[in-house]
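Asker: Next up is a structure, given as structure tokens.
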Amino acid sequence: MKKIHAGSLLLAIFISFIIATMAALLLLQFSYYAEYLQQTNNRDKCNDLLNSSVALVLGNKNAAFTTQTQLFKEEAGETNIQSRNWGIFSIATIRAIVGKDTLVRNLMTGGIPDSVFNACIYLEEHNKPLLISGNTVLNGNVYLPKSGINPTYLDKDGFKGKQLYNGQLFTSTKEIKSFVNLEALPDPKKTIKKGQPDQLPLSIRQSFSDSVRHLYTQGKLPNEGTYAGQIIICADSILTVPGNCSLENVILMAPYIKIESGFRGRLQAIATDSLITGQDCFFEYPSALVLLKPSRTEANNFTARLQLGKASHLNGSIFTYTANSNDLFRIYTYLGDQTKVTGTVYSDGYLEINGSITGTLLTAYTILKHQGSIYDNRLHNTSIDRNALSSHYLLPAVLDQQQSARKVLQWLN
Numbered sequence: 026m027k028k029i030h031a032g033s034l035l036l037a038i039f040i041s042f043i044i045a046t047m048a049a050l051l052l053l054q055f056s057y058y059a060e061y062l063q064q065t066n067n068r069d070k071c072n073d074l075l076n077s078s079v080a081l082v083l084g085n086k087n088a089a090f091t092t093q094t095q096l097f098k099e100e101a102g103e104t105n106i107q108s109r110n111w112g113i114f115s116i117a118t119i120r121a122i123v124g125k126d127t128l129v130r131n132l133m134t135g136g137i138p139d140s141v142f143n144a145c146i147y148l149e150e151h152n153k154p155l156l157i158s159g160n161t162v163l164n165g166n167v168y169l170p171k172s173g174i175n176p177t178y179l180d181k182d183g184f185k186g187k188q189l190y191n192g193q194l195f196t197s198t199k200e201i202k203s204f205v206n207l208e209a210l211p212d213p214k215k216t217i218k219k220g221q222p223d224q225l226p227l228s229i230r231q232s233f234s235d236s237v238r239h240l241y242t243q244g245k246l247p248n249e250g251t252y253a254g255q256i257i258i259c260a261d262s263i264l265t266v267p268g269n270c271s272l273e274n275v276i277l278m279a280p281y282i283k284i285e286s287g288f289r290g291r292l293q294a295i296a297t298d299s300l301i302t303g304q305d306c307f308f309e310y311p312s313a314l315v316l317l318k319p320s321r322t323e324a325n326n327f328t329a330r331l332q333l334g335k336a337s338h339l340n341g342s343i344f345t346y347t348a349n350s351n352d353l354f355r356i357y358t359y360l361g362d363q364t365k366v367t368g369t370v371y372s373d374g375y376l377e378i379n380g381s382i383t384g385t386l387l388t389a390y391t392i393l394k395h396q397g398s399i400y401d402n403r404l405h406n407t408s409i410d411r412n413a414l415s416s417h418y419l420l421p422a423v424l425d426q427q428q429s430a431r432k433v434l435q436w437l438n
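For the sequence shown, this note's numbering assigns the number 26 to the initial residue and increments by one for each residue that follows.
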């Protein structure tokens, strides 16, 4: 009988071990690969669900709604959509769930401007023409009272342009309140509450995928404070924002809001008494300065004021709204020297412009103060240029009454 060397058995065992190990590794690789394919497939399905849900949000005329549905019956997975008002804008949070995978997307939507929002000015009918002088420029269609528009003089400074306006002339037949989407109008009374102020940390970031973070304070925000995301900062009297404070997509609510000179950021400031900004402020798109005056009572028998300080630049919207159309104490809006608004200015009270607007102005009255006198329906050395506004500009929900065509205004964290 032939003898087998003892080393051969060890070699056979070693080879068997190698083969078993390689087989196990191959099986493990196949398992990981199958899991990877499943995850990739789930992610692809989640992305498809997200894209379809975004289209659903943009096509829904209701700014605020919540739905949980299975968009594709033949596919496993579901979506949860929460669309809601955020200040004067509309935002949505979409969750796509396939198996154990979940993808979340937050977005802010805006309306595509049409009709009067494609004009440079809409001035309500009050049986007076619009009078312009100096270097006033109106680029775009104009909606004016039946008496139209005429050149005039101010201290011997006559109208210097070749054309009174560059566009088509239409008659303003409606009050500008008819263009407001009341369902998207914020209600500060429900948010501003008296109570113990919070100890504000220097930095807070709140994802729009989470719940709203409400902060209550009195007086002034911290110097060099940083607040970003789904945060509402309220005060029951005065709220002051230092110029070196960083705000990103935050809402401020208070009766009186003061933003100090040199501020840079993106916010919505919503006041009920007065809203004043200092000089040389820069508000990134889409920002909003909002003044909402409630129905007249003994407590608010006054003229509320919104002021954009000298050399400040706002990218977004200015919106002033008086609840009572018969209120004689209408909101006074003042755009200071060298100011620039890129977007939409809506003023249902008295508006004085010493700067320029790249976009659309809708107002009940324009006034001009000069040497102690006040002139109605006057513009002097003012530029309103609708043609220079970017085609990517979108309307806030409060001015998107039709909501027939919307796009993504901003992706949110």
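Every residue, glycine too, gets a C-beta built ideally from N, C-alpha and C.
1. Three Cβ pairs or more, each shorter than 8 Å: is that satisfied between the segment 65 to 80 and the segment 254 to 265?
2. Quick check: the Cα distance between Asp-180 and Lys-394, rounded to an integer number of angstroms?
3. With H, G and I counted as helix, E and B as strand and the rest as coil, what does DSSP make of Ala-49?
4. Quick one: grab the DSSP three-state call for Arg-355.
5. So, Thr-302 versus Ser-337, is the Cβ gap smaller than 8 Å?
6. Indicate whether the contact test is met: 3 or more Cβ pairs, each with one atom in the segment 126 to 143 and one in the segment 221 to 230, closer than 8 Å.
7. Between Pro-2 and Asn-67, what straight-line distance do the alpha-carbon atoms span, to the nearest angstrom?
8. Work out the CA separation of Asp-212 and Asp-410 for me, nearest whole Å.
9. Below 7 Å CB to CB, which residues in the same chain sit around Glu-323 once its five sequence neighbours on both sides are set aside?
10. Thr-358 to Leu-414, Cα distance in whole Å?
11. Would you check if there are 3 or more beta carbon pairs closer than 8 Å linking the segment 114 to 123 to the segment 140 to 147?
12. Where does the unbroken beta strand (DSSP E) through Thr-302 begin, and where does it stop?
13. Please state the DSSP three-state secondary structure of Tyr-281.
14. Near Gln-293, which residues of its chain fall below 6 Å by C-beta distance, leaving aside the five closest residues on each side in sequence?
15. For the alpha helix (DSSP H) that Thr-216 lies in, which residues bound it at each end?
16. Suppose you measure from the CA of Pro-138 to the CA of Asp-69; what does that come to, to the nearest Å?
17. Give the straight-line distance between the Cα atoms of Lys-214 and Ile-282, rounded to the nearest whole angstrom.
18. Could you check which residue in Phe-307, Pro-280, Met-278 has the C-alpha nearest to that of Gly-290?
19. Which of the three DSSP states, helix, strand or coil, is assigned to Asp-73?
Answerer: So, from the listed chains and residues:
1. Short answer: they don't touch.
2. Each residue's Cα considered, the two are about 13 Å apart.
3. It is helical.
4. Coil at Arg-355, not helix or strand.
5. In this structure, Ser-337 lies closer than 8 Å to Thr-302 by Cβ.
6. At 8 Å Cβ cutoff, the stretches do not touch.
7. Residue 2 cannot be examined here, being either before or after the span of the chain that is shown, 26 to 438.
8. Using only the alpha carbons, I get a separation of about 32 Å.
9. Note that Glu-323 scores 47 on pLDDT, short of 50, meaning its location in the model is unreliable; the coordinates nonetheless yield the value given after this. Contacts found: none.
10. If I take the Cα positions, the gap works out to 22 Å.
11. Segments in contact, no.
12. 289 to 302 is the extent of the beta strand (DSSP E) around Thr-302.
13. It is a strand residue.
14. Here the set comprises Gly-112, Ile-276, Ala-313.
15. Note, Thr-216: alpha helix (DSSP H), 213 to 216.
16. Computed Cα separation, rounded: 34 Å.
17. Straight-line Cα distance between these residues: approximately 15 Å.
18. Considering only alpha carbons, the answer is Phe-307.
19. Of the three classes helix, strand and coil, the one that applies to Asp-73 here is helix, per DSSP.
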